[in-house]
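In my numbering, the protein residues as written are 24 to 258.
Here the structure comes first, spelled out in structure tokens, and everything after it is commentary.
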């Protein structure tokens, strides 16, 4: 069996987009390219913007991913949970398609007898540990996010450590929006670890607009244009 790749965009934001393309449409476009879009909304305890929360949920739904709105202090656990949950969701989708081909009819894992379901879940868990993960992390650096960026940095470092325990390869790219000279700026190109994020985050300056749609479009382009080594079939 070919291990394949899991392609994800993780969007970390605290508000509504107000510049560029519709982010919900861009998430749907990314999902059509085989990329899952996950969104974490970072909110203040005193202020919860209903419109922003609706947009966060809509982007993830359109991008085939997972959304979660959290307070800053629990961001680290949430980033890891959302990433793992979305990986499992993607793999389950692939496995359901395989089952359909084998059985000749549309069957989801939930419809299988308990013993068969257990076997399939073992395969899903194994693939979650062994598949190649390509992940573009898009961080909103608009003015309201500035006090939250140290926590975002720590959460991403924790994510890198957590995912390094997998057998499969991880590759991360980190972009910020808005960038200094454009809507989106790539601050870390493809790398297996995120340690370099500490020095980069200390130099970031906050921008005014929130170009979420262009950010998702750029994330999808980064994954689509990525140069890849040929896959080695599993033994």
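Where is the CB? At the ideal position from N, CA and C, for every residue including glycine.
None of the values given here were measured: they were computed from a predicted structure.
| Check | Outcome |
| --- | --- |
| Are the CB atoms of residue 31 and residue 157 within a distance shorter than 9 Å? | yes |
| From the DSSP output, in three-state form, read off residue 30 for me. | strand |
| Roughly how many angstroms lie between the CA atoms of residue 250 and residue 196, to the nearest whole one? | 13 Å |
| What does the alpha-carbon distance come out to for the pair residue 50 and residue 161? | 13 Å |
| Is residue 122 near the ligand MG - that is, is its Cβ less than 8 Å away from at least one heavy atom of it? | Absence of the ligand MG from the depicted structure is noted, as is the absence of any ligand whatsoever, leaving it without description. |
| Scan the stretch 81 to 148 and note each continuous beta strand (DSSP E) run of 3 residues or more that stays entirely inside, going in chain order. | 90 to 94 |
| Taking a contact to mean a Cβ-Cβ separation below 9 Å, would you say residue 231 touches residue 166 in this structure? | yes |
| For residue 65, report the span of its beta strand (DSSP E) as first-last. | 59 to 66 |
| Along the chain, where does the beta strand (DSSP E) containing residue 193 start, and where does it finish? | 193 to 200 |
| Along the alpha helix (DSSP H) that carries residue 190, what are the first and last residues, could you check? | Premise fails: residue 190 is in no alpha helix (DSSP H) and is neither H nor E. |
| Excluding the 5 residues preceding and the 5 following residue 259 in the sequence, name in chain order all residues of the same chain whose CB lies nearer than 8 Å to its CB. | Because the chain here runs from 24 to 258, residue 259 falls outside it and cannot be looked at. |
| Just to confirm before moving on: does the CB-CB distance between residue 36 and residue 163 stay below 9 Å? | yes |
| Give the single residue among 182, 40 and 111 whose Cα lies nearest to the Cα of residue 237. | 40 |
| Report the residue from 46, 96, 168 and 185 whose alpha carbon sits nearest the alpha carbon of residue 78. | 46 |
| How many angstroms separate the CA atom of residue 119 from the CA atom of residue 144? | 11 Å |
| Should residue 220 go down as buried or exposed, given a rule of 16 or more other Cβ atoms within 10 Å for buried? | buried |
| Would you identify the three-state DSSP class for residue 165, choosing helix, strand or coil? | strand |
| Do the stretch 205 to 223 and the stretch 188 to 195 touch if we need at least three Cβ pairs shorter than 8 Å? | yes |
| Helix, strand or coil for residue 259? Go by DSSP, reduced to three states. | Residue 259 is absent from the model: the chain starts at 24 and stops at 258. |
| What is the DSSP secondary structure of residue 218, reduced to helix, strand or coil? | coil |
| What is the residue span of the alpha helix (DSSP H) that residue 227 lies within? | Note, residue 227: premise wrong, no alpha helix (DSSP H); not H, not E. |
| Going straight from the alpha carbon of residue 99 to that of residue 171, what length do you get? | 12 Å |
| Distance, Cα to Cα, residue 84 vs residue 138? | 31 Å |
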